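Chains as they are written, first to last, in the UniProt record's numbering: chain A, 1 to 558; chain B, 1 to 558.
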């Protein structure tokens, strides 16, 4: 599937044009949320079609066929087929998603098929976060996806935020339903419906549950991983006896996300607090991790919310305290979604495709046997298998690509496109000398190393060293890029200049919601967060010139 | 929540009365499928209500409160509160689901909340199967949940089977959709839509994907785990170059399910082939594992389908063979769902609650410190922690319940209800003698053993031995029960007599579809399967008296 097809998708269920461009509160534990959505991808074509038209389909098949058959030539064509990142970042992104076979468009406008390689990245994310949540006493559960419409209306801000983008089930088993059912956009309402039955006394608190599931939000402008009608995520929901505990939980979870982004994904995110108008619909306070993409746009990559007693009061989620008085619980919710995969692509990718941080890479090392004469094959394959075993024994995720139908050159491109951090080459001469060659995905020719010993322990140690270096290198590179592109501003004019250059603008902020909206209207930049890490003060509000307690970051965003 | 409330649930979205009771093909890779659905649970009350009425809710809270506060007395009340299995199997089941906190009703009729303890059983199931699938070369992926209605109609039998129980999204983002979208009941159609784009040549085959997801089927008679409007499952979908490979794959996967059921869940299932009219809507052939529940009813606990080229032809899923000729792919699909948890409960549970097979138990061993004098607490807790560490080091899933607010007796009941296979008791005298006490969940007092050494290696070996014995014991008990309750029949009268006694009837079968329907109408028993393991022939058809190539099993079922 070509990038332009990816960008267009097929237009099955036509949605409405985006109703209004007015600012409204951010409505999700959603990493997906940001109230300004710039049309990065052309909107869905108006013609409805079930599947690619026959001609298109045929072209695709031919293209794929050619690519495969031509693969023998060395795959340079495949490499050139990715739009350079510097030329058109948006097209580059769609090319990488398509060519690394991470995702494909579903038949319904705005939906996405997560292909096996893309899904394996999600499994890496799940594996880390799920273990971390469990260490913190969170238990997984599953709440029904279909929610009575009346639930959504119980919390006033929540319904205002979510109503415009709900998918509704109105028919079931061949009959019209009496009340439409909401296809879960997030689960605070149904979780509180259950919590109100499960929580009786202070002894039941804290209660911490999480679910891994799909959610739907009827978005108009979609983009694979970054913003889709349906996405996968985890949503954690907790209830506590005191406001302090709920606040601590919301902060703890944004810390978990920060550590995950920095340590595992090599994404040097900026954690901070959202402004009131950018907070989740129904939250007292929203925390976020903001990541800088390769085009300097901000991506909200995870959020946690202190919900206060807003949902508890709407749903009667109360507990008996030690004095036997009824009290509403204090709550938090928090989520990370498949959007994070988009963040990884746009943080680390280059003109050769994806670059995966080793700790999250489903395949950390690919071993490529190089065989020119058939008689060499058994010895080379045997050596490759021994290297594979050595890496596996050291806990390294490794794959041997011994497909005889493709050339080594084609395979190099193939696995570079997929971002595998380390490549190992082994041919007959290597076998003879008891060594092999390693190549780093994050470097060009200078990352190639000959004469790496094949002895199991030494080989594994060498490869583990490379993986550690690459992990650190990607993080440093991303951090340097981020820091270069954050500009301290003292006035609104400086902010406008910084944003016009594509930078993030950081400056004192103590102005009104109206002023914040004005910045958005005039610059398309939004207040991303008040970072937890504040530069030394005092600060002056860039808009009003009055003293400001904090600096905020403004940026254009996904 | 009391059992009667569980049985009734709250009636939110009213569905229609079951349209007709006519026999129609079984419609899913669904373990949930069986075309005879007997009203085991009273149908939903007609009154719509969002939540338990205030009075009900208050009663619930009081009950729960009493249970908690009264817990200090030893929990005998809690034990007595489960309806004896022999008295009312159906009520017993609902009691266990409620009291072991496995699931709860969702607000929408027929939906279920999977509570953390129930979900942890699902995680055990996932963990085993997911690893097994990966060993077999299956890759996980994710396909959109919303499917264009037109897709469902492309395969004639498929639409006939599924149309009556679809949930439809007709509104999105505040607008009516041009075409309703089906909330996935199963994914053969959308998978083929994508496969037709991904598969070009024989080199792309076999293609094997699986997804873990939720599906919806608008069922009228629901029951937690066993049959719910929404359930969780895995659905595998494969495409092959030849009919032989697709057949081998369908057989391989039913073998995986059989091994899982027998080895992990201690459920001695009968694997076999479904009759034509009981097969999946769109399959050439359906394989099933049939389990006998504690009330002798059959439960279809997993299925795999040889889909032939039915979906491939409907969706144009073709490949170029080595002679460059276009050929349709040959396919299989296969699934196991949260229904399996219902199967475990109804296979192994007893009057004290759940009994979990050790290999699937989220907690295999619970350690209960017994402290009467406060001064003993530190030494006893220290001993408990040492035992926990010893078990953990041996790879045993262990929990110490050191909650000071509950008595040991209350805890015994609590963990027996939850089916934890082994209990370890440790008190001051044990500490003094360097020993502890173990108790088996599958036995009464005779399963209690004093003087078990506390030394780490010896303790872990002893406990592991108990777990192995319990695993084997549960499987043997279930197998003996099953074998006692299968009756060989030679005539239709014998079949009727066996079914009337609640048994499974096994006999030669070579009669018509009409005859099969007649059996169902007259006895409520369905043809569960032609077992792979056939008794030595020759066989005579119990209905027609003619020679029969195979015996079939008939039984009443869930």
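Every residue, glycine too, gets a C-beta built ideally from N, C-alpha and C.
Just so you know, these numbers come straight off a predicted model, no measurement behind them.
With 16 other CB atoms within 10 Å as the buried threshold, where does residue 137/B fall?
exposed
DSSP three-state call for residue 44/B: helix, strand or coil?
Any reading at residue 44/B needs caution, since the residue's pLDDT is 34, under 50, leaving its predicted position unreliable; the model's value is listed next. It is coil, neither helix nor strand.
Please name the residue or residues paired with residue 212/A in a DSSP beta bridge.
Listed as beta-bridge partners of residue 212/A by DSSP are 234/A.
Quick one: list the residues of chain B neighbouring residue 405/A, beta-carbon separation under 9 Å, in chain order.
Ordered by position in chain B, the residues that pass the 9 Å Cβ test against residue 405/A are 203.
Limits of the unbroken beta strand (DSSP E) element including residue 176/B:
175-183
From residue 479/A to residue 268/A, what distance separates their C-alpha atoms?
Inter-residue distance for residue 479/A and residue 268/A is about 6 Å (C-alpha atoms, whole angstroms).
Return helix, strand or coil for residue 507/B, following the three-state DSSP convention.
strand
Excluding five sequence neighbours on each side, which residues of the same chain lie with their C-beta closer than 7 Å to the C-beta of residue 258/B?
269, 271, 289
Is it buried or exposed, residue 104/B, if we count other Cβ atoms within 10 angstroms and call 16 or more buried?
buried
Taking any Cβ of chain A, which residues in the stretch 80-106 of chain B have a Cβ under 8 Å from it, in chain order?
104, 106
Out of 184/B, 400/B, 164/B, point me to the one whose CA is closest to residue 364/B's CA.
With distances taken between Cα atoms, residue 364/B lies closest to 400/B.
Start and end residues, beta strand (DSSP E) containing residue 303/B:
Counting along the chain, the beta strand (DSSP E) containing residue 303/B begins and ends at 298-308.
Is any heavy atom of the ligand SAM found at a distance shorter than 6 Å from the C-beta of residue 188/B?
With respect to small molecules bound, the structure shown includes none, and the ligand SAM cannot be examined in it.
Smallest Cα separation from residue 107/B: which of 277/A, 320/A, 187/A?
187/A
Give the residues from the stretch 124-150 of chain A that approach chain B closer than 7 Å (Cβ to any Cβ), ordered along the chain.
139, 140, 141, 142, 143, 144, 145, 146, 148, 150
Looking at chain B, is there any beta carbon in it that lies within less than 7 Å of the beta carbon of residue 214/A?
yes
Taking the alpha helix (DSSP H) that residue 95/A falls in, what are its first and last residues?
89-99
Listed in chain order, which residues of the stretch 334-352 of chain A have Cβ atoms closer than 8 Å to some Cβ of chain B?
none
Go ahead and pull the three-state DSSP assignment for residue 157/B.
helix
Excluding the 5 residues preceding and the 5 following residue 447/B in the sequence, name in chain order all residues of the same chain whose CB lies nearer than 7 Å to its CB.
439, 440
Please identify the residue among 538/B, 342/B, 206/B, 535/B whose C-alpha is closest to the C-alpha of residue 223/B.
342/B
Segments of 3+ residues assigned as beta strand (DSSP E) that fall wholly inside the stretch 219-303 of chain B:
Correct list: 230-240, 270-273, 285-292.
What did DSSP end up calling residue 143/A once you bin it into helix, strand or coil?
coil
To which residues of the same chain is residue 528/A closer than 6 Å at the C-beta, ignoring the five residues directly before and after it?
Here the set comprises 290, 298, 553, 555.
Tell me, please, whether the CB atom of residue 167/B is closer than 7 Å to any CB atom in chain A?
Taking Cβ atoms only, chain A reaches closer than 7 Å to residue 167/B, which makes this a yes.
Measuring only the C-alpha atoms, how far is residue 443/A from residue 81/A?
Going by the C-alpha atoms only, they are around 20 Å apart.
Where residue 114/B meets chain A, residues with beta-carbon distance less than 7 Å:
141, 142
Quick check on the burial criterion: 16 or more other C-beta atoms within 10 angstroms. Buried or exposed for residue 87/A?
exposed
Contact between the stretch 195-211 of chain B and the stretch 197-214 of chain A (3+ Cβ pairs under 8 Å):
no
Give the DSSP-derived three-state secondary structure of residue 326/A in the structure shown.
strand
Is residue 411/B buried or exposed, if buried means 16 or more other CB atoms sit within 10 Å of its CB?
buried
Which residues in chain A have a C-beta closer than 8 Å to the C-beta of residue 209/B? List them in chain order.
116
Here's the rule: buried if 16 or more other CB atoms are within 10 angstroms of the residue's CB, otherwise exposed. What is residue 430/B?
buried
Does the beta-carbon of residue 524/A have 16 or more other beta-carbons within 10 angstroms, so that it is buried, or is it exposed?
exposed
Quick check: the Cα distance between residue 358/A and residue 417/A, rounded to an integer number of angstroms?
15 Å
CB contact check: residue 415/A to chain B, cutoff 7 Å:
no
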